[in-house]
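A.B. asks:
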Amino acid sequence: MKKKHLIILAGPLDNQNAGVHRVTYEIIKGLHDMSECLFDITLIRDRDDGQFPKFKTAKIPLFKKLPGFQSFRLFFIVPLYCILKKADVVFEPAHFGPFNLPKKIKRVTFIHDLTPILFPQFHTFNGAYLQKIFLPRILKKTDLIIANSNNTANDIKKQYPFTKDKVQKIYLGVSDLFKPLNNPEVLEKLKITQPYFLSVSTIEPRKNIETLLEAFRLYKEEKLGPEKLVLVGGKGWKNNAIYSKINDHPNVNEIILPGFVTNEELIQCYSQCNAFIYPSIYEGFGLPLIEAAVCGAPLVVANNSSLKEITPFKELLFETLNAEDLKEKMSLSKQVKPNQEFIDSIRSKYNWKKFVTEFTDSISSLFKQN
Numbered sequence: 099m100k101k102k103h104l105i106i107l108a109g110p111l112d113n114q115n116a117g118v119h120r121v122t123y124e125i126i127k128g129l130h131d132m133s134e135c136l137f138d139i140t141l142i143r144d145r146d147d148g149q150f151p152k153f154k155t156a157k158i159p160l161f162k163k164l165p166g167f168q169s170f171r172l173f174f175i176v177p178l179y180c181i182l183k184k185a186d187v188v189f190e191p192a193h194f195g196p197f198n199l200p201k202k203i204k205r206v207t208f209i210h211d212l213t214p215i216l217f218p219q220f221h222t223f224n225g226a227y228l229q230k231i232f233l234p235r236i237l238k239k240t241d242l243i244i245a246n247s248n249n250t251a252n253d254i255k256k257q258y259p260f261t262k263d264k265v266q267k268i269y270l271g272v273s274d275l276f277k278p279l280n281n282p283e284v285l286e287k288l289k290i291t292q293p294y295f296l297s298v299s300t301i302e303p304r305k306n307i308e309t310l311l312e313a314f315r316l317y318k319e320e321k322l323g324p325e326k327l328v329l330v331g332g333k334g335w336k337n338n339a340i341y342s343k344i345n346d347h348p349n350v351n352e353i354i355l356p357g358f359v360t361n362e363e364l365i366q367c368y369s370q371c372n373a374f375i376y377p378s379i380y381e382g383f384g385l386p387l388i389e390a391a392v393c394g395a396p397l398v399v400a401n402n403s404s405l406k407e408i409t410p411f412k413e414l415l416f417e418t419l420n421a422e423d424l425k426e427k428m429s430l431s432k433q434v435k436p437n438q439e440f441i442d443s444i445r446s447k448y449n450w451k452k453f454v455t456e457f458t459d460s461i462s463s464l465f466k467q468n
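As numbered in my numbering, residues 99 to 468 make up the sequence shown, in order.
1. List the residues that DSSP assigns as beta-bridge partners of F374.
2. In the DSSP output, which residue or residues are listed as bridge partners for K267?
3. Do L414 and V398 have their C-beta atoms closer together than 8 Å?
4. With DSSP as the reference, identify every bridge partner of T207, one or two as the case may be.
5. Report yes if the C-beta distance between I365 and L270 is below 8 Å; otherwise report no.
6. Between which two residues does the beta strand (DSSP E) containing P214 stretch?
7. Does the separation of the CB atoms of L296 and V272 fall below 8 Å?
8. Can you give me the start and stop residues for the alpha helix (DSSP H) that S458 sits inside?
9. Only counting the same chain, and skipping five residues up and downstream in sequence, which positions put a Cβ closer than 8 Å to that of K264?
10. Just tell me which of A116, K100, G382, F197 has its CA closest to the CA of S404.
11. At the level of alpha carbons, what is the spacing between P151 and Y179?
12. In the DSSP assignment, the beta strand (DSSP E) including K343 goes from what residue to what residue?
13. Could you tell me which of N420, K154, P436 sits nearest to N530, measuring between CA atoms?
14. Classify V350 as buried or exposed, calling it buried when 16 or more other Cβ atoms lie within 10 Å of its own Cβ.
15. Going by beta carbon distance, what residues of the same chain come within less than 6 Å of K154, once the five residues before and after it are set aside?
16. Is the separation between the beta-carbon of I142 and that of G195 shorter than 8 Å?
17. Three-state secondary structure (DSSP) at D144?
18. Is the segment 219-231 close to the segment 165-181, with three or more CB pairs under 8 Å?
19. Beta-carbon of K230 versus every beta-carbon of chain B: anything under 8 Å?
20. Would you kindly work out how many angstroms separate the C-alpha atoms of F440 and N361, rounded to a whole number?
21. May I ask you to list the residues that DSSP assigns as paired with T155?
22. Can you say whether T409 is buried or exposed, counting buried as having 16 or more other CB atoms within 10 angstroms of its CB?
23. Using DSSP bridges, identify the partner residues of G357.
24. For the beta strand (DSSP E) containing K318, name the first residue and the last one.
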């Protein structure tokens, strides 16, 4: 039987470096590593770096400096390519699409979270507005919606009831690269000194860094420990108040901002921290949680959204905007020491091979329905 032609809109590999990039990469890598893939796969990218030689790559540049071209590419060039190349199914791993395809071509859309809809105040006006206008149309026309957690799946069904029969929850995985390692030289390069608490996120309001900063102030004021606070992540948006609070913090000399780090550096940061703190106000999944957990870090996590679903450390959940509660859980985290059996159980539950198997089975089922 001839394999179905799956086209993946793999732009996040080229134009993002946060969570969506990582998820897109791991999905494609998982498909590439399969001994027998159910599909003939083409990647549509801005460039071809040769990292997935078993797949065809269609290079359709973005031309970011050319006004209006990105929209023209998204709405016309990419759909035309999919039609001409006789795609059977098109997968959009980053919310926004696919667009303008005939009904005979199946559409699969990955929804990471609905924060632009539920919390527009935490996004740029344009970003939230575009999601509000286009997302209902996208979800009406798509044949399969992949959600990364029960929480995200429930959000989608509640916000858009017409999706209830086409939402499939598939948990994300954690790369085998993430494991306990101890190389102090990496921390020295990043100017990080032990002991420390670690948080990893883009610096933007939804990540609730201001509550973490206040909890750290209380922690230091009460002399609960010698830990520094390390905030790893690139600059996001609407973050002036966050940086002002850092600069004015009474313990500013104990707050370290390495910025964006490589995977290799991130693994060392996870492995050598006293605890990993994730205070976000809302998440669709929370990939850093399981990355930190398999590196042996206790997780101090806000009690909301998918975070309370994903974290295995229920005793270290804290009320999201309560700095006092967070401070107490930071102190309590010192009593938690994950062992190898625990790490293995996390890796068994959240792994990319399992994701890819469920993903391909879900897409295959679209054709069995006909």
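Where is the CB? At the ideal position from N, CA and C, for every residue including glycine.
C.D. replies: In brief:
1. L296, L397
2. A245
3. yes
4. E190, I243
5. no
6. Here P214 belongs to no beta strand (DSSP E); instead the alpha helix (DSSP H) covers 213-216.
7. no
8. As written in the sequence, residue 458 is Thr, which differs from the Ser given in the question. 450-466 is the span of the alpha helix (DSSP H), which, as asked, contains T458.
9. T240, D241, L242, I243
10. G382
11. 20 Å
12. K343 -> not in any beta strand (DSSP E); alpha helix (DSSP H) instead, spanning 338-345.
13. Residue numbering for the chain in the displayed model covers 99 to 468; residue 530 lies beyond these limits and cannot be assessed.
14. exposed
15. T140
16. no
17. coil
18. no
19. Here chain B cannot be found, since the structure has a single protein chain.
20. 22 Å
21. L141
22. buried
23. V330
24. From DSSP, K318 is part of no beta strand (DSSP E) but of the alpha helix (DSSP H) over 307-319.
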